[in-house]
Structures are given as structure tokens and as C-alpha cells.
Amino acid sequence: MTHLDQLQTLKIVCPSCGQKHLKTVGWLAEHQTLDCNCGVETTCSDIQSLVNQAVEDLK
Numbered sequence: 004m005t006h007l008d009q010l011q012t013l014k015i016v017c018p019s020c021g022q023k024h025l026k027t028v029g030w031l032a033e034h035q036t037l038d039c040n041c042g043v044e045t046t047c048s049d050i051q052s053l054v055n056q057a058v059e060d061l062k
């Protein structure tokens, strides 16, 4: 993954409902799951994919 500042904010999109979650790189590095209001829990491996997508969106 591209080196990012720990305070860089990424827009992570829930794969189920499409809700956008703004999380810092530091927060994502410390947490194993991301809970959405729709009830879907995204696991660490899925978060990595969503982070890569968010990084591409920054370019």
C-alpha cells in the first residue's frame, strides 16, 4: 500500500449500503473491523480493499 500520513482522512464506502465513512489512516491501522449503521461489519481484509479503493480515489 502507498505510504500515507497517519492523519490522512480516507472516505471508506460500505460495500453493502454505500454509506461513506471518513476515517484516518491511523484509525484504520488500529481497528480490525468497521461497523456501519446498516448493520454490516466490514473485516480487516475487506477494509484493506476499501482503503486501496479510497487511495485510488485520491489520485
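Mind the numbering: the sequence shown is residues 4 to 62 in our numbering, read in order. Glycine is no exception: its CB is placed at the ideal position from the N, C-alpha and C atoms. Predicted, not measured: the structure shown is a model, and the values here were computed from it.
The three-state secondary structure of aspartate 60, taken from DSSP, is helix. Between glutamine 22 and cysteine 47 a beta carbon distance of about 19 Å is seen, past the 8 Å cut, so the two are scored as non-contacting. Bounds of the beta strand (DSSP E) holding valine 16 are 12–16.
DSSP places histidine 24 in the uninterrupted beta strand (DSSP E) bounded by 23–27. By the neighbour-count criterion, in which a residue is buried when 16 or more other Cβ atoms sit within 10 angstroms of its Cβ, alanine 32 is exposed.
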